[in-house]
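Before any comments, here is the structure.
Chains as they are written, first to last, in my numbering: chain A, 7 to 581; chain B, 7 to 581.
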């Protein structure tokens, strides 16, 4: 492709709205274009890279036995009501009506549709296992779309669904997809880590997130350098503090004026924060968005509440809970802002972290302004509706597997694999007849890859201050020929020769024949990040060119023929 | 691909809802699946054929200088308000709101988006011409979705937009696209005819529809066998009857009891229907869907009103006009159901067909129950707000170019090319600076292909009573190997050998290794319409097979090696 004919609009300035490198660089290279908040289009170079990622995914999915299909983005509400997700999914489900007032959504995921296909098409164990996938446009009406392709409202996703006879079959399908994902992300040039993950709104028993490591990622992962433990912070199990064998001391109300935080009360009383109980207060909502109850969650004072674990413990949708107005909640339950403890609370669901019942003589709020209670003990002084792990595994906490200190890292979730089990097949009636003619629920898995987000993750991991440094496999073009003076016939002819030779060898090559200053061309070539750059300048008379890889600092003056040969070699090796 | 592993669900019965062959066969082969009315998904075989059509389009578009991009399906209302189409498009525009109440639509077409790109990216004549295209999911909230992929609510379309400096540039771009379309539809195996078309809601000056000829098509075209004239019936110009030189006779009111139709009044008075005037009465609506006026349209009694021409003459959106309630309209305008003529009408827009002013002494309704007027003449007895061609070119009418009798045919609109001119660039401010630094509006064209509808059109033209007969170029697989007895090791081995040889040569091959009766397999192979069928049966011991093309009745017993060679040859020639 000749750059003089290509629609290319690079930007010198960093767009105001962009904060992270991938967003900045994808906009500056003109590869993506914002239409409105969270909605992007792909221009020629951006779309080429997306299609390369899609092709890598398609090859590995087919290799792993997947069959590609293509379902609609528009989905009828009825199916979502059947699975129970019409309410559970919350406001991120982008809803619409047709001209007859019938309810639809724009699919954020396709479990319902695929389960619907299978329940009507599959009747016998002989038709299983199956793995169906699609690469398709998905929607999520995000409250705060941001970071360009990282969190957008319309995006491209590969979603696959496996259908097996039993749990052992699901385990095999899951392992195949896990292995395919490792190949896919490796081929895309990503440094990633598969980590255990929460199953969130999709539901199911077991899940891994594939996380591309990156400072700007929105996923926080906890991992252990000693053993193989790695999980999202939402998911990571915590080790409870050992139970105390201390004697229970008498409950004592103490005056603690103005000590509204854990830090203040611990300082005031001269005790450790790990000798206190922290309270967090919530209100919950029903399907009509009416308040339907209060929740008080308690963790040890030095811990942090893990919201995902709390929501899972309550078995409610993520969007149906928020921090309570303490005054309003106080009137109903007896809580007092800054001085709430588990004792003296009423008419609310009390959720207590799993380690608290084992600890003795803790300090907690007295549900009375400027007062705390000392020597609070579970059983004697308070009871719980739910006792479970609701705390966050922090950096330095002991690894739940081996006890070594935990590390944290940030990453971008580029893929996720789920064992759904029979959640959808049971709610939607997808069964098959086994060898004994007995009806059995089909056992399902689902497997997603954020295609557009993967593009952003590649840029996050492959750039420098001058622009993108594409891995060959997903580069929009493999090579760029920069002609210093396109009006010089010798240079133009040599460039044309190299261009034709490379193209004939299957190299995807750009010819920068624009009437621009060399400085502009070099800046654009660096910004666009094309892996191989061949510069045709004064040496053209002697048939020499400058050969440079975008990822290396070195340039070399070599013959045009050697430049062609080296380019073909590296492209064939790395593409 | 082994059929025993493929997700394939063919149907023996004709689905109730399906009326036309493509709909019936695409459902019976399990290639498409209905989700809800007008919304379909593609199963493995269907999706393979769609991707082949997409690839043919992509190759020819790239060859013609197009650059592929990919814009969002979700579009903000603001851009449509700028172009004036938020109202003009009517209820087929599928509208939705985001969580903040902002208005969006699901794009039925992308003129606004592409114009928005170009107005921000293009500033100089040096950046033109440009042709950008995408293959993408489109939406139309049809009142009556039907015929499967023919008229659906979510569908795949290729849309391209050309941007030129001037009309001469647009003419070139248009010709290039026209030529590319001829190649594309030829490669897809379609028999088609490019016909002049109305520009409808998109707007613009000049357009051709590419019509795949088919009895079940929704487009009616008028063509001349003597000259090259071919146009949609909506668009086709009519030849006015020659003006009469007869003397104007005195206006006369006659009693014509109960003669509400043209036929009745002509019979009653003993005159030709071409000596009468036919009235058609309409009400129009404004943007708030309130009635804002009445329209009376008049054509010669033997003519048919052409609704498209009337709407174009009135310069209103298609959805803002409908037949009037004659009683209600009568109170306002003096019209009388069954007895309305152009004389004595008031307070309504009178549109008169172009030939009426030249004719003399016609009979028209008297705007009085049971009475007509004789010797009605334009000028003396009635006037018009608009005089233009609003009649339909019927079969047998004279060709507007050469005068020979016109023929009609039906077809499926698979593509359309438009000269938009400066309609969008002017309303949305897309300009460039010419060589003299003068701002000029960019001159645009747009070019659509219904990808999913093309699939249906191919099936309409290529099937028999047993199923589909795919052209090689868009067949989901090139060849199918039917094994009579998969449990017979000799047969299984030979089939496997042929399968591997064909696959190694790049033939896309299905191996029907299912444990089904041969009759079932043959029926499925015919239904699926795979171009080459190789049957491995008793002859396997002698390494002979049966070779059959789906399109031919003949079968041949030949050696397996010759079967392989012939298959590779025909696939390479026709794919």
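We treat Cβ as the ideally placed atom computed from N, Cα and C, and that holds for glycine. No experiment lies behind these values; they were computed from the predicted model shown.
| Item | Value |
| --- | --- |
| Top-ranked residue by Cα proximity to residue 374(A), from 348(A), 554(A), 354(A), 383(A) | 348(A) |
| Cβ-Cβ separation, residue 425(B) to residue 180(B) (assumed contact under 8 Å), whole Å | 6 Å |
| Rounded straight-line distance, which links the Cα of residue 176(A) to that of residue 169(A) | 7 Å |
| Beta strand (DSSP E) runs contained entirely in the region 166-239 of chain B, provided each spans 3 or more residues | 198-202, 212-219, 225-229, 236-238 |
| Test: residue 73(A) CB closer than 8 Å to a CB of chain E | In the displayed structure, chain E is absent; the protein chains listed are A and B. |
| Contact set between residue 160(B) and chain A, taken where Cβ atoms lie within less than 7 Å | 78, 79, 80 |
| Neighbour flag for residue 156(A) against chain B, beta carbons, 8 Å | no |
| Chain-ordered chain B contacts of residue 39(A) [CB-CB under 7 Å] | 123 |
| Residue 460(A): contacting residues in chain B (beta-carbon distance under 9 Å) | Simply none; closest approach about 15 Å. |
| Burial state of residue 20(B) (16 or more Cβ within 10 Å) | exposed |
| C-beta atoms of residue 417(A) and residue 220(A) nearer than 8 Å | yes |
| Where residue 105(A) falls: helix, strand or coil (DSSP) | coil |
| Residue 28(B) versus residue 474(A) - alpha carbon distance | 48 Å |
| Own chain residues within Cβ distance below 8 Å of residue 205(B), not counting five before or after | 211, 212, 213, 424 |
| Counterpart residues of residue 517(A) in DSSP-defined beta bridges | 8(A), 487(A) |
| Proximal residues to residue 598(B) (C-beta, below 7 Å), its chain only, five neighbours per side dropped | Only positions 7 to 581 of chain B appear in this structure, which leaves residue 598(B) out of reach. |
| Buried or exposed by the 16-neighbour rule on C-beta atoms within 10 Å, applied to residue 559(A) | exposed |
| Residue 190(B) versus residue 421(B): straight-line alpha-carbon distance, rounded | 10 Å |
| Start-to-end residues for the alpha helix (DSSP H) that takes in residue 93(A) | 91-94 |
| 8 Å Cβ cutoff met for residue 154(A) and residue 46(A) | yes |
| Cross-chain neighbours of residue 15(B) in chain A, by beta carbon under 7 Å | 127 |
| Three-pair Cβ contact test at 8 Å for the region 397-415 of chain A versus the region 323-339 of chain A | no |
| Three CB pairs or more closer than 8 Å across the region 64-83 of chain A and the region 38-54 of chain B | yes |
| Residue 259(A), buried or exposed, once every other Cβ within 10 Å from all chains shown has been counted against 16 | exposed |
| Endpoints, the alpha helix (DSSP H) within which residue 127(B) is located | 117-127 |
| Option in 43(B), 540(B), 242(B), 556(B) with minimal Cα separation from residue 568(B) | 540(B) |
| Residues of its chain near residue 493(B), where Cβ-Cβ distance is below 8 Å and the 5 sequence neighbours each way are ignored | 521 |
| Residue ranges of each beta strand (DSSP E) within the region 377-419 of chain A, 3 or longer | 377-382, 392-394 |
| N- and C-terminal bounds of the beta strand (DSSP E) containing residue 82(B) | 80-82 |
| Three-state class that DSSP yields for residue 153(B) in the structure shown | coil |
| Contact list for residue 139(A) against chain B, beta-carbon separation under 8 Å | The premise fails here: residue 139(A) is roughly 10 Å from chain B at the closest Cβ pair, so nothing lies under 8 Å. |
| Three-way DSSP call (helix, strand, coil) for residue 352(A) in this model | coil |
| Exposed unless 16 or more other CB atoms sit within 10 angstroms - verdict on residue 248(B) | exposed |
| Buried versus exposed, by CB contacts within 10 Å (16 or more), residue 510(B) | exposed |
| Alpha-carbon spacing of residue 611(B) relative to residue 514(A), whole angstroms | Residue 611(B) is absent from the model: chain B starts at 7 and stops at 581. |
| Rounded C-alpha distance that separates residue 36(A) from residue 52(A) | 8 Å |
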